[in-house]
Amino acid sequence: MYTKYKAAHPDKALELERRFNHEIPTEALDSLPGFEFGVDKAKATRQYSNACLNAVAPLLPELMGGSADLTPSNLTSLACSGDFQKNSPKGRYLRFGVREHGMVAICNGLFAYGGIRPFCATFLNFAGYALGSIRLSALSKFGVIYIMTHDSIGLGEDGPTHQPVELIESLRSMPNINVIRPADANETNAAYKLALIKVHTPTVICCSRSGLPALENSSIEKSMKGGYILLGEGDSSPDLIIIGSGSEISHCVNAAKNLADEGMKVRVVSMPSQDIFVEQSDDYQKSILPGDVPTLSVEASAVHGWHRFSHAQIGMTRFGMSGPGGALFEKFGFSTENVTKKGKELVEFYKTNGPVPNLSNRPEFDSFKVE
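Numbering that gives the first Met the number 0 puts the sequence shown at residues 0 to 370.
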């Protein structure tokens with residue numbers, strides 16, 4: 000039957016095969032917007048996410064999804080398509096309602112059926128309601144795209160019931176899933192590229208609620224490696240490395256500039272995705288993080304997991320609070336002043352307490368033999 004259909008409708012058949020084979024046209028990836036420092040206005044990464052989604056949607060008719068009753072907050076509406084309803088079956092936007100587990104289960108079913116590339120969205124903290132279904136995405140090798148906004152205590156007054164603390168690390172610890180927390184437009188572009196081409200691995204794109212300062216040296220190409228040198232690339236022997244992701248990166252950059260004024264050589268590493276970074280070659284990883292340079296991680300999330308990359312961590316060790324996002328960042332230590340202070344203290348600690356432990360000098364054992 001299909002042979003006859005293909006003979007009668009060769010163009011439609013080729014398009015159908017492209018969709019079922021999960022082939023992404025180059026023009027779709029090229030359509031993703033970048034950022035020109037000093038020209039484009041800085042925005043929240045959820046706004047950059049919206050721009051990326053609406054850039055690729057007209058070129059990928061198989062892209063279909065929606066939000067768990069948070070469309071105005073997640074910014075996931077599709078300008079090129081209306082809602083999928085009984086009177087508008089050609090619509091590609093799904094109003095899932097307040098049911099995160101059901102939303103993700105539906106997306107798993109759409110991917111399993113074939114020919115559809117599903118995406119869905121909610122607040123990052125509410126991913127906890129959907130973890131069972133997200134785990135099934137990873138286990139089943141379904142490349143569902145998860146857009147999780149309001150990704151830290153920076154969301155503000157909604158308070159600790161809405162502020163994710165442990166969720167990022169919970170997702171990072173899951174096999175076969177890529178968690179990406181971009182810091183600007185270029186890193187968001189890379190996040191969508193990675194999500195689209197990683198057909199058999201689900202991707203969680205964690206986006207900020209609030210606007211973020213522009214990053215002068217961010218790079219789409221380098222972000223595709225999961226982590227890269229944002230500041231201090233020309234110095235092969237830094238005194239300190241500050242590493243982070245998302246909304247905290249600007250504080251890392253400003254702290255590095257403060258320390259540079261005091262004569263310290265500081266490298267800033269942006270790591271939007273730990274999962275992607277550890278897939279890179281050992282040589283690349285060591286060129287970014289040598290392991291024997293005092294390294295401070297900064298992320299408004301649980302500190303667990305950062306011990307692989309850093310000697311000390313600024314992170315969340317308790318639930319958040321209700322208050323303006325900026326005030327909460329200040330209270331919990333995610334400020335330029337505190338990052339500057341802790342960076343200086345870390346360097347002084349190892350000057351007093353002996354050699355810096357080399358985090359890259361340790362064995363890695365395969366826990367089981369793959370036949």
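Note that CB positions come from ideal geometry on N, CA and C, so glycine has one too.
*asked:* I'd like to know if the stretch 188 to 206 and the stretch 38 to 53 are in contact, where contact means that at least 3 CB-CB pairs between them fall below 8 Å.
replied: yes
*In or out: Lys40 buried (at least 16 other Cβ within 10 Å) or exposed?*
The count along the sequence shown starts at 1 and reaches residue 40 at position 41. Classification for Lys40: exposed.
_Can you give me the C-alpha to C-alpha distance between Tyr128 and Phe122, rounded to a whole angstrom?_
Within the sequence shown, the letter at position 129 stands for residue 128. Within the sequence shown, the letter at position 123 stands for residue 122. Their backbone Cα atoms lie some 11 Å apart in a straight line.
*What first and last residue would you give for the alpha helix (DSSP H) that runs through Phe348?*
By 1-based counting over the sequence shown, the position of residue 348 is 349. Phe348 -> alpha helix (DSSP H) spans Thr335 to Thr351.
*Thinking C-alpha only, which one of Met320, Val297, Arg91 and Gly324 is nearest Ala311?*
Position 312 of the sequence shown holds residue 311. Comparing Cα positions, the closest option is Val297.
*asked:* So, for Arg266: in the same chain, excluding its five sequence neighbours on each side, which residues have a beta-carbon less than 8 Å away from its beta-carbon?
replied: Counting from one through the sequence shown, the residue named residue 266 turns up at place 267. Contacts found: Ile228, Leu230, Gly231, Glu232, Asp234, Pro237, Leu239, Ile240, Ile241, Ala255 and Val292.
*Quick one: Cα of Lys89 to Cα of Cys251, how far?*
Along the sequence shown, read from residue 1 onward, the residue named residue 89 stands at position 90. Along the sequence shown, read from residue 1 onward, the residue named residue 251 stands at position 252. Distance between the alpha carbons of Lys89 and Cys251: 46 Å.
*Can you tell me which of the three DSSP states Arg134 falls into?*
Along the sequence shown, one-based indexing puts residue 134 at 135. DSSP places Arg134 in helix when its eight states are reduced to three.
*Terminal residues of the alpha helix (DSSP H) in which Gln46 lies*: Within the sequence shown, the letter at position 47 stands for residue 46. Gln46 -> alpha helix (DSSP H) spans Thr44 to Val55.
*Which same chain residues, not among the five before or five after Lys341, have their C-beta less than 8 Å away from its C-beta?*
What you label residue 341 is simply residue 342 of the sequence shown in a count that begins at 1. Scanning its chain for C-beta atoms nearer than 8 Å, with the 5 sequence neighbours on each side dropped, one finds around Lys341 the residues Leu295, Ala311, Ile313 and Gly332, in chain order.
*Cα separation between Lys3 and Asn20?*
Position 4 of the sequence shown, counted from the start, is the residue given in the question as residue 3. Position 21 of the sequence shown, counted from the start, is the residue given in the question as residue 20. CA-to-CA, the gap between Lys3 and Asn20 works out to about 20 Å.
*Taking the C-alpha atoms as reference points, what is the distance between Lys11 and Lys197?*
Mapped onto the sequence shown, residue 11 falls at position 12. Mapped onto the sequence shown, residue 197 falls at position 198. Rounded to whole angstroms, Lys11 to Lys197 spans 25 Å at the Cα level.
*Thinking C-alpha only, which one of Phe95, Glu156, Ala56 and Gly108 is nearest Leu31?*
Locating residue 31 in the sequence shown gives position 32, counting from the first residue. Per the C-alpha coordinates, the member of Phe95, Glu156, Ala56 and Gly108 positioned closest to Leu31 is Ala56.
*Determine the contact status of Asn337 and Gly290, defining contact as a CB-CB distance below 8 Å.*
By one-based count along the sequence shown, residue 337 stands at place 338. By one-based count along the sequence shown, residue 290 stands at place 291. Contact: no.
_Length of the line joining the Cα atoms of Thr160 and Pro323_ = Position 161 of the sequence shown, counted from the start, is the residue given in the question as residue 160. Position 324 of the sequence shown, counted from the start, is the residue given in the question as residue 323. If you take the alpha carbons of Thr160 and Pro323, they lie about 15 Å apart.
_With the cut-off set at 8 Å, would you say Pro386 and Ala182 are in Cβ contact?_
Here the chain covers residues 0 to 370 and nothing more, so residue 386 does not appear.
*Going by DSSP, which residues form a beta bridge with Ser87?*
For the purposes of this step, residue 87 is taken as residue 88 along the sequence shown, with counting starting at 1. Answer by DSSP bridge pairing, in chain order: Gln84.
_Taking a contact to mean a Cβ-Cβ separation below 8 Å, would you say Ala375 touches Val97 in this structure?_
What is shown of the chain runs 0 to 370, which leaves residue 375 out entirely.
*When burial is assigned at 16 or more other CB atoms within 10 Å of the CB, is Gln284 buried or exposed?*
Locating residue 284 in the sequence shown gives position 285, counting from the first residue. The residue is buried, with at least 16 neighbouring Cβ atoms inside 10 Å.
*Any idea which residues DSSP pairs Tyr92 with across the strands?*
Along the sequence shown, one-based indexing puts residue 92 at 93. The partner list for Tyr92 (beta bridge, DSSP) reads Gly64 and Asp82.
*Would the beta-carbon of Ala126 fall within 8 Å of that of Met147?*
On the sequence shown, residue 126 is found 127 positions in, with the first residue counted as 1. On the sequence shown, residue 147 is found 148 positions in, with the first residue counted as 1. Taking 8 Å as the Cβ cut-off, Ala126 and Met147 qualify as a contacting pair.
*Decide if Ser366 is buried, meaning its Cβ has at least 16 other Cβ atoms within 10 Å, or exposed.*
Within the sequence shown, numbered from 1, the residue matching residue 366 stands at position 367. By the 10 Å Cβ count, Ser366 comes out exposed.
*What's the gap between the Cα of Gln279 and the Cα of Asn185?*
Working through the sequence shown from its first residue, we reach residue 279 at position 280. Working through the sequence shown from its first residue, we reach residue 185 at position 186. Cα-Cα distance, rounded: 20 Å.
*Is Ser217 near the ligand GDP, in the sense that its beta carbon is under 7 Å from a heavy atom of that ligand?*
For the structure depicted, the ligand GDP is absent and the ligand set is empty, with no information on it obtainable.
*So what does Ser30 bridge to, in DSSP terms?*
Indexing the sequence shown from 1 puts residue 30 at position 31. Beta-bridge pairing links Ser30 to no other residue.
*Span of the alpha helix (DSSP H), counted from its first residue to its last, around Phe331*: Reading the sequence shown from its first residue, position 332 is the one you call residue 331. From DSSP, Phe331 is part of no alpha helix (DSSP H); its letter is neither H nor E.
*By DSSP, does Asn360 sit in helix, in strand, or in coil?*
Here residue 360 is taken as the residue at index 361 of the sequence shown, counted from 1. Coil at Asn360, not helix or strand.
_Local Cβ density within 10 Å of Gln84, reported as buried at 16 or more and exposed below that_ = Your numbering for residue 84 matches position 85 in the sequence shown. By the neighbour-count rule (16 or more Cβ atoms within 10 Å), Gln84 is not buried but exposed.
*Counting only the same chain and skipping the five closest in sequence on each side, list residues whose C-beta sits under 7 Å from that of Ala137.*
Residue numbering aside, residue 137 sits at position 138 when the sequence shown is read from its first letter. Around Ala137: Met173, Pro174, Asn175, Ile176 and Pro201.
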